[in-house]
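Chemist: Sending over a structure as structure tokens; questions will come in a sec.
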Amino acid sequence: MRLTEDDLYRTSTQYKHWSFTPSQLAAQRRTTNIQASERVKAAVARQRAQRSLLDASASESERAGSGVENGGDTPVRVDKEVNCLTVTEEKRLVDVFCARALDLGKFLKFPTEVTATGIQFLRRFYLFNSPMTYEPQTISPCAMFVANKVENHGLPLERYVAVLPNMTTDKVLAPEYLLVQGLRFNFQVRHPFNGLKGGHLEMIEMARGNANLLPNAEKTKEQLQQEMLQLPRKPNGPAQSLSVAQLEKRIENAYGFASIVLKGPAQLTDAYFLYTPSQIWFTAHLLADEPLTLFYLSAKVPTSPIHSKIISTLRSCADLLSSHSSYTTDQISKEEKVAREKKEKEEVSALIKKAKHCRDPDKIDLVKLNLAQKRDAVAGGSLEESKAKRRKLEREGYQKESDDFWGPELKKANGAKVA
Amino acid sequence: MSKPAHRAGGAPKAAVDSDICPVCKSSRYLNPNMKFLVNPECYHKMCESCVDRIFSHGPAPCPIAGCKRTLRKMRFREQTFEDLKVEREVDIRRRVAKVFNKREEDFETLKDYNDYLETVEEVTWNLILKIDVEATERRLRQFEEAQKAELNPNVARRETQSDSSAPSDASRVVLKKGATQRKALSASSGNTPNPYSSQDGTEDTGFTFRGLKKRTAPEPQKPFDPYSGWSVEPQFYILQDDYNVEWLTQSKNDIQHLAGGYNIKDFYSQALCEAFSGFGVFIEDEIVARDRQVSGDETLATQMAATAGTGAKDVRMDDVF
Ligand SMILES: [Zn+2]
Ligand SMILES: [Zn+2]
Chain X
1 MRLTEDDLYR TSTQYKHWSF TPSQLAAQRR TTNIQASERV KAAVARQRAQ
51 RSLLDASASE SERAGSGVEN GGDTPVRVDK EVNCLTVTEE KRLVDVFCAR
101 ALDLGKFLKF PTEVTATGIQ FLRRFYLFNS PMTYEPQTIS PCAMFVANKV
151 ENHGLPLERY VAVLPNMTTD KVLAPEYLLV QGLRFNFQVR HPFNGLKGGH
201 LEMIEMARGN ANLLPNAEKT KEQLQQEMLQ LPRKPNGPAQ SLSVAQLEKR
251 IENAYGFASI VLKGPAQLTD AYFLYTPSQI WFTAHLLADE PLTLFYLSAK
301 VPTSPIHSKI ISTLRSCADL LSSHSSYTTD QISKEEKVAR EKKEKEEVSA
351 LIKKAKHCRD PDKIDLVKLN LAQKRDAVAG GSLEESKAKR RKLEREGYQK
401 ESDDFWGPEL KKANGAKVA
Chain A
1 MSKPAHRAGG APKAAVDSDI CPVCKSSRYL NPNMKFLVNP ECYHKMCESC
51 VDRIFSHGPA PCPIAGCKRT LRKMRFREQT FEDLKVEREV DIRRRVAKVF
101 NKREEDFETL KDYNDYLETV EEVTWNLILK IDVEATERRL RQFEEAQKAE
151 LNPNVARRET QSDSSAPSDA SRVVLKKGAT QRKALSASSG NTPNPYSSQD
201 GTEDTGFTFR GLKKRTAPEP QKPFDPYSGW SVEPQFYILQ DDYNVEWLTQ
251 SKNDIQHLAG GYNIKDFYSQ ALCEAFSGFG VFIEDEIVAR DRQVSGDETL
301 ATQMAATAGT GAKDVRMDDV F
């Protein structure tokens, strides 16, 4: 029973649950959007009905009373139809917060994998949940923290919270279970970074003329090396004759550029949903040095039917990656860049403002909701207090009962430190 | 063996007889705790203290007049049945049943099985009635050895190799017997050919039964394979022993990495595997094909949920809040 590398990938959750065709992806986003907006509208309508009821009774019973509490923390006060986010706006919002997460990772000096995993968690979560229901502002610190744990980086929560402004441990932990469930407990994200390193190693060896060849290879090592030295710089360009050292330099440059693409555009687009990590790093390398990558590819898959298929897949992935705004930033003039950034900033702040107005009122305070799920929750103020007291008494009763039966808890030795 | 039968003349005499040790003549009347023991070699009764006295220093001949069998203390025991004849028969039957442990399903036909049972009964009665005991015993032992050899051919081979100096089957059996008997037997069977060893050179198994299915030894256990037969065979690359790039030299020679048991080759194999893992997986084709296989139920469910809209709960997962 033999497995190929592809079979290994097919066993991953990334392939099983988090790979989609473009149309599936769009359909899922549409579904999520419809469900979320219906929910928001229903919740807002319910709240308004409640408030008008309250207002009516208040005005009748205590006409003198001026300061009636009428849902002070509800964001929707204007009685007009809720203007929900569209699918495109939702996606844009998520993209914005993914970009911010990237900056957050840089700020925290997280390794590339940690940041990338956090971003993918966000993208996966918002595929089935709408930013209208759960604000990205609250989810993204949590996603980064979970990624930090998943990728074994091990930054403690206290230090993590201390670094971020306006952050408490509760705020980070409150959406944790929600997020993890939204990820369907699939924690592993397969990244293209290591694959790029592997490909780079092989290309270097090939340039030196001692790469191991596949059994069905048509050329010898030396032939490969010679052809590689003569590769044109640009597609359809004139042939070159580089020295081995120059060729190695070229491969290293390509690696550097490709890894920038992987850390930026590859993270901020849907690439992970639509392509496999192996195809993504190949694409990044293709964008970096096309003749070199195509040559390497043909050495691997010499003109079999899958060769053309791979090329077309890589091309479409390349279109996706190069279409992202972060890909082209260094190719345009400075004024243009500034203007574009300014325009983007305005758009984004308008979008966030709009998102604020169509928040699901039931899901605003996640910390409180999370607390309410736990025991001794005093969510409703004084009314709940008697309940909490009763629960506490009950618990003490159980404790006493079990102590009578099993004997009391062992006393800790004096002076033993409780960490 | 016939003695107890002879003595059982009358009830009162038998009662008195069983209360007096035939060796030391002490009676139970004086020692209520006295216990009588027998040895399955000759089934002569004697009291516990006599056994201790006579056999504590090793095997000794039976003290009963006319019986010269060598007895060992270890094999003395209390008798289970009042009648020593029954006691002996039970012992013999147990021993024979241990060797002839075939069942009906071991035979081709029912008739073969019945023939086998017939033979077994014949052997048993030969032993009980002391007809042809020597030969029967030997055949029994040969059969037992043959059975063992059939189950475990390695043991048989090992034994025949070590026994090359003593080729006859009988002499091997003799080794287990007492020294005096061994001498006597080797003297007697020294030059007489074994009547049961077959002439054509094939090994004599004591008994042969028609229709007895050949037993096959169970397969020897294979070394444990944690991957239960699965292996990874890359199709796009062949791993090299070493890759020389600048950015790896530091970790390659890092004493901390080495001390921790980190092997740079693991990095190579992982990096190369990840480089091509999913290379030939075309999501667009495969996912569609897969989903079509899963059947349309799921897509239908999501469509319904989308139209239902206010259905509040997600279809795919419960909302925790
Ligand atoms: Zn005695
Ligand atoms: Zn005796």
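Top to bottom, those sequences are chains X and A. Residue 1 is where the first sequence starts when you use the UniProt record's numbering, and the numbers rise one by one after that. Residue 1 is where the second sequence starts when you use the UniProt record's numbering, and the numbers rise one by one after that. Just so you know, even glycine gets a beta-carbon here, dropped at the ideal spot from N, CA and C. Note that the structure is a prediction, hence the values are computed from the model and not measured.
Return the CA-CA distance between L201 of chain X and L242 of chain X, expressed in angstroms with no decimal places.
Modeler: 19 angstroms
Chemist: Can you pull out the residues from the stretch 258-271 of chain A whose beta carbon lies closer than 8 angstroms to at least one beta carbon of chain X?
Modeler: Y268, Q270 and A271
Chemist: At a Cβ threshold of 7 angstroms, is M1 of chain X touching chain A?
Modeler: At least one chain A Cβ lies under 7 angstroms of M1 of chain X.
Chemist: Are the beta-carbon atoms of S130 of chain X and F97 of chain X separated by less than 7 angstroms?
Modeler: no
Chemist: Using a Cβ-Cβ cutoff of less than 8 angstroms, which residues in the same chain neighbour H17 of chain X once the five nearest sequence positions on both sides are dropped?
Modeler: R184 and N186
Chemist: When you compare each of X:K411, X:K91 and X:A99 to L25 of chain X by their alpha carbons, which one comes out closest?
Modeler: X:K91
Chemist: For A289 of chain A, would you say it is in contact with chain X, using Cβ-to-Cβ distances shorter than 7 angstroms as the test?
Modeler: For A289 of chain A, the answer is no, since every Cβ of chain X falls outside 7 angstroms of its Cβ.
Chemist: Does DSSP classify T86 of chain X as helix, strand or coil?
Modeler: T86 of chain X falls in the coil class under three-state DSSP.
Chemist: What number of angstroms, rounded off, separates the C-alpha of P215 of chain X from the C-alpha of K309 of chain X?
Modeler: Distance between the alpha carbons of P215 of chain X and K309 of chain X: 22 angstroms.
Chemist: So is V232 of chain A in contact with chain X if we call contact Cβ pairs under 7 angstroms?
Modeler: yes
Chemist: Skipping 5 residues on each side, what residues in its chain have a beta carbon closer than 7 angstroms to that of D362 of chain X?
Modeler: A43
Chemist: How is the alpha helix (DSSP H) around P175 of chain X delimited, first residue to last?
Modeler: Segment: none, P175 of chain X is in no alpha helix (DSSP H) and carries neither H nor E.
Chemist: Label F143 of chain A either buried or exposed according to how many other C-beta atoms from any shown protein chain fall within 10 Å of its C-beta, with 16 as the threshold for buried.
Modeler: buried
Chemist: Just to check, is the beta-carbon of V38 of chain A closer than 6 angstroms to a non-hydrogen atom of ligand 1?
Modeler: no
Chemist: Report the rounded CA-to-CA distance for T4 of chain X versus Y296 of chain X, giving the unit in angstroms.
Modeler: 20 angstroms
Chemist: Counting only Cβ-Cβ distances shorter than 8 angstroms, please list the residues of the stretch 264-292 of chain X near chain A, keeping chain order.
Modeler: Cβ proximity to chain A below 8 angstroms picks out L274, Y275, T276, P277, S278, Q279, W281 and F282 from the stretch 264-292 of chain X.
Chemist: Confirm, please, whether the CB-CB distance from G278 of chain A to Y272 of chain X is below 7 angstroms.
Modeler: no
Chemist: Is M144 of chain X closer than 7 angstroms to G182 of chain X when the C-beta atoms are compared?
Modeler: no
Chemist: Quick check: is the beta carbon of T11 of chain X nearer than 7 angstroms to any beta carbon in chain A?
Modeler: no
Chemist: Would you check if the distance between the CB atom of E82 of chain A and the CB atom of I128 of chain A is smaller than 7 angstroms?
Modeler: No.
Chemist: Could you check where the alpha helix (DSSP H) with C50 of chain A kicks off and where it finishes?
Modeler: E48 to F55
Chemist: Cutting at 6 angstroms between CB atoms, please list the residues of its own chain near L366 of chain X, excluding the five before and the five after it.
Modeler: T138, A174 and P175
Chemist: May I ask you to check if the CB of M46 of chain A is nearer than 6 angstroms to at least one heavy atom of ligand 1?
Modeler: yes
Chemist: Quick one: using the 10 Å Cβ neighbour count with 16 as the cut-off for buried, is N236 of chain X buried or exposed?
Modeler: exposed
Chemist: CA-CA distance, M198 of chain X and T269 of chain X?
Modeler: Reading off the sequence shown, one finds Gly at residue 198 of chain X, where the question assumed Met. Straight-line Cα distance between these residues: approximately 23 angstroms.
Chemist: Quick check: does the Cβ of I64 of chain A come within less than 6 angstroms of any heavy atom belonging to ligand 2?
Modeler: Taking non-hydrogen atoms of ligand 2 into account, the C-beta of I64 of chain A is found less than 6 angstroms away from one of them.
Chemist: Once DSSP output is grouped into helix, strand and coil, what is the label at L71 of chain A?
Modeler: Residue state, collapsed to three classes: strand.
Chemist: Report whether the distance from the Cβ of C67 of chain A to the nearest heavy atom of ligand 2 is below 6 angstroms.
Modeler: yes
Chemist: Kindly say whether G251 of chain A, judged by its beta-carbon, lies nearer than 7 angstroms to any beta-carbon of chain X.
Modeler: In the sequence as presented, Gly is not what sits at residue 251 of chain A; that position holds Ser. Answer no: the Cβ-Cβ gap between S251 of chain A and chain X never drops below 7 angstroms.
Chemist: Following a CB-centred definition, is C42 of chain A positioned closer than 6 angstroms to any heavy atom of ligand 2?
Modeler: Set against 6 angstroms, the gap from the CB of C42 of chain A to the closest heavy atom of ligand 2 is smaller.
Chemist: Helix, strand or coil, according to DSSP, for V120 of chain A in the structure here?
Modeler: helix
Chemist: Kindly examine ligand 1 and report whether one of its heavy atoms sits closer than 6 angstroms to the Cβ of V23 of chain A.
Modeler: yes
Chemist: So what does DSSP say about R139 of chain A, is it helix, strand or coil?
Modeler: Helix, per DSSP.
Chemist: Could you tell me how far apart the beta carbons of L314 of chain X and L286 of chain X are, in whole angstroms, since I believe they sit closer than 8 angstroms?
Modeler: About 6 angstroms separates the Cβ atoms of L314 of chain X and L286 of chain X, confirming a contact at the 8 angstroms cut-off.
Chemist: So which residues of chain X does R282 of chain A contact, with C-beta pairs closer than 7 angstroms?
Modeler: The residue asked about is misnamed: residue 282 of chain A is Phe in this sequence, not Arg. Correct list: K309 and T313.
Chemist: With L179 of chain X and V146 of chain X assumed to form a contact (beta carbons below 8 angstroms), what rounded beta-carbon distance in angstroms separates them?
Modeler: About 6 angstroms separates the beta carbon of L179 of chain X from that of V146 of chain X, a gap short enough to meet the 8 angstroms contact definition.
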